[in-house]
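Let me begin by presenting the structure, written as structure tokens, before commenting on it.
There are 2 protein chains.
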Amino acid sequence: MPAATGHEVLAAVLQVRADELQVLLWQRGMDPDRGRWALPGGALGADEDVEESVRRQLAEKVDVRGVTHVEQLGVFSAPHRVPGVRLVATAFLGLVPSDVDPAVPPDTAWHPVDRLPATAFDHAEIVEDARERLRAKLSYTNLGFALAPREFTVSALRDLYVAALGHPVSATNLQRVLTRRGVLAATGETAAPGPAGGRPAAVFRFTERALRVTDASAVLRPPGVRDSAGE
Amino acid sequence: MPAATGHEVLAAVLQVRADELQVLLWQRGMDPDRGRWALPGGALGADEDVEESVRRQLAEKVDVRGVTHVEQLGVFSAPHRVPGVRLVATAFLGLVPSDVDPAVPPDTAWHPVDRLPATAFDHAEIVEDARERLRAKLSYTNLGFALAPREFTVSALRDLYVAALGHPVSATNLQRVLTRRGVLAATGETAAPGPAGGRPAAVFRFTERALRVTDASAVLRPPGVRDSAGE
DNA sequence: CCAAAAGTGTTTAGTGTACACCCATGC
DNA sequence: GCATGGGTGTACACTAAACACTTTTGG
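Chains E and G supply the protein sequences, listed in that same order. Here the first sequence stands for residues 1 to 231, where the numbers follow the UniProt record's numbering. Here the second sequence stands for residues 1 to 231, where the numbers follow the UniProt record's numbering.
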């Protein structure tokens, strides 16, 4: 006999804009928490699971083709996380490549995750979880593909990693590590240098645009199996 | 205006018993799915979040002191995953050290995860997710502490890893890797050899009994920071 | 020629696997 | 002594960080 509760889905959609990691929020026009900024989302529909629901709700805010990766973060269920009726939330992380600028409704805006405005309910906590998840997965998976344009230079990619990780990243080592793991591949093209000159940069591409774990640890690996990421 | 739905929590409690990874299940006495085996769990209470709820529900089935680690796996929300009312489930992974044998009610039993009996609803999928989560975390965290007794020999620990991972593990390398990461420490004691003789094994202990990531990859690490696990 | 930006080479450190070998016990 | 199981030493392969150096452009 489960108690009747509502269920909503919420999405922390992250994108690197202007060299900062930003999140898409909309400003509530009604109480409770009128004027505060909230994550896009809404009620779970009767004929959908939470994954379908979050994609449907996102489609109402942004051009979904821009969202290259969506994954579940977890459940937020503090009894009074929202005033009034009991409402359990399933939170998601969404990622948008840096070269798209999806049209969004007038009450929505991007905000740097480091300097959030006044947020509604427990949404700041969800944004923090999303940022943590992104940080962790950037280093042991190929998740960078979801933040980067289809083609890019290594220094552009480095800037994305710097914004998302929050600490300096060497372009030299980034290129070498990702290439060795078989995550990056050169297209053979080069990009034109900027106004100050400099050697033209080689253009790279992610070899896959689906999540893959690239840094499986050794204790886990069955004996005799060489790490095959490099092939 | 969220639709009214029920919310339940479910726990896949895993333990290595008789050199096999097993899960605690109870046999349903009522329709639907009468006679099939189900995960322990139940409805989310009005004044608890899902973490509190799963601990409360587990306390009704097993001695909770035996459960050394609980973590959220995710939401299962297919519209008709349970017949009748809409019911969303938050699934958890729980781990019990191999040296405890908690008292359980008569309708519950441990089953090897490789040979599950007929299971209720989507519970087999949850068990599979739990096993996957355990496998992954064993290799890049110190999660072994949650499967092992407080003190143990390396070969006993090896047997736990073999059961959980499902592939051979070298005791030599397991010891070296975990020691180097600062996860294991010798107590100075030795265990008595078996009837067939053999050198007495040194007794080890996990240095921490809380989850810690031990294999942070390098790209993630800020420059100038040495991996400090070994200290 | 110089500054700027990109990319390569090389050194050093660390990690995990494999395997040979030595150690401590029961019989 | 010998079988048995436990533990160490060592060699090898691979990974990544740091940094010097070269390459290619614009002015």
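Built from N, CA and C at the ideal position, the CB exists for glycine as well.
For residue i, I'd like the list of residues in its chain whose CB is within less than 7 Å of its CB, leaving aside the five on either flank, ordered along the chain.
i               : result
D19 of chain E  : D159 and A163
L39 of chain E  : L10, A11, A12, L25, H123 and I126
A191 of chain G : T153, P200, A201 and V203
A130 of chain G : A12, L14, L73 and L93
A218 of chain E : The predicted model places A218 of chain E with a pLDDT of 47, which falls under 50 and marks its position as unreliable; any figure quoted below should be read in that light. If we look at A218 of chain E and ignore the five residues flanking it on each side, it has no Cβ neighbours.
T108 of chain G : L24, L25, W26 and K61
E71 of chain G  : F92 and L93
T187 of chain G : E151, V203, F204 and R205
R212 of chain E : T141 and N142
What does DSSP give as the partner residues of residue i in its beta bridges?
i               : result
T108 of chain E : E:W26
Q72 of chain G  : G:F92
A201 of chain E : E:A191
T153 of chain G : G:V203
L184 of chain G : G:F206
R17 of chain G  : G:E20
L5 of chain E   : Note on identity: in this sequence residue 5 of chain E is Thr, with Leu being the wrong assignment. T5 of chain E pairs with G:T5.
T141 of chain G : G:V213
G42 of chain E  : E:V9
T119 of chain E : E:W37
L87 of chain E  : E:G6
Is residue i near residue j, with beta carbons less than 7 Å apart?
i               : j               : result
T141 of chain G : V88 of chain G  : no
G94 of chain G  : V67 of chain G  : yes
F121 of chain E : V82 of chain E  : yes
V50 of chain G  : L58 of chain G  : no
P112 of chain G : A148 of chain G : no
V100 of chain G : V62 of chain G  : no
R135 of chain E : L157 of chain E : no
P79 of chain G  : D47 of chain E  : yes
Would you decide whether residue i is buried or exposed? Buried here means 16 or more other CB atoms lie within 10 Å of its CB.
i               : result
R133 of chain G : buried
A91 of chain E  : buried
L53 of chain G  : For the record, residue 53 of chain G in the displayed sequence is Ser; it is not Leu. Result: buried.
D215 of chain G : buried
E8 of chain E   : buried
A185 of chain G : exposed
V23 of chain G  : buried
S170 of chain E : exposed
H69 of chain E  : buried
S77 of chain G  : buried
V16 of chain E  : buried
S155 of chain E : exposed
V183 of chain G : buried
M1 of chain G   : With a pLDDT of 45 at M1 of chain G, under the threshold of 50, the modelled position of this residue cannot be trusted; read the value that follows with caution. With fewer than 16 other Cβ atoms within 10 Å, it is exposed.
Please check if any C-beta of chain G sits within less than 7 Å of the C-beta of residue i.
i               : result
E9 of chain E   : Note that residue 9 of chain E is Val in the sequence shown here, rather than Glu. No, V9 of chain E does not count as interfacial toward chain G.
T207 of chain E : no
A78 of chain E  : yes
Q72 of chain E  : yes
V88 of chain E  : yes
S228 of chain E : The predicted position of S228 of chain E is uncertain, since its pLDDT is 42 and thus under 50; no value can be drawn from it.
With 7 Å as the threshold, decide whether the Cβ of residue i is near any Cβ in chain E.
i                      : result
T5 of chain G          : yes
P200 of chain G        : no
V50 of chain G         : yes
residue 233 of chain G : Outside the modelled stretch of chain G, which goes from 1 to 231, sits residue 233 of chain G, for which no answer is possible.
D47 of chain G         : yes
V75 of chain G         : yes
P2 of chain G          : Low per-residue confidence applies at P2 of chain G: pLDDT is 45, beneath 50, and the placement is therefore not dependable, though the value from the model is reported in the following sentence. Cβ-Cβ to chain E under 7 Å: yes for P2 of chain G.
Between residue i and the rest of its own chain, which residues show a CB-CB distance below 6 Å, the 5 nearest in sequence each way excluded?
i               : result
F145 of chain E : F206 and R209
G41 of chain G  : E8, V9, L10, A11 and Q57
Y161 of chain G : V169
L178 of chain E : L184
If I measure Cβ to Cβ from residue i and keep anything under 8 Å in the same chain, skipping five residues before and after, which residues do I get?
i               : result
R28 of chain E  : R34, G35, R36, W37, A38 and A120
A118 of chain E : G35, R36 and W37
G197 of chain G : none
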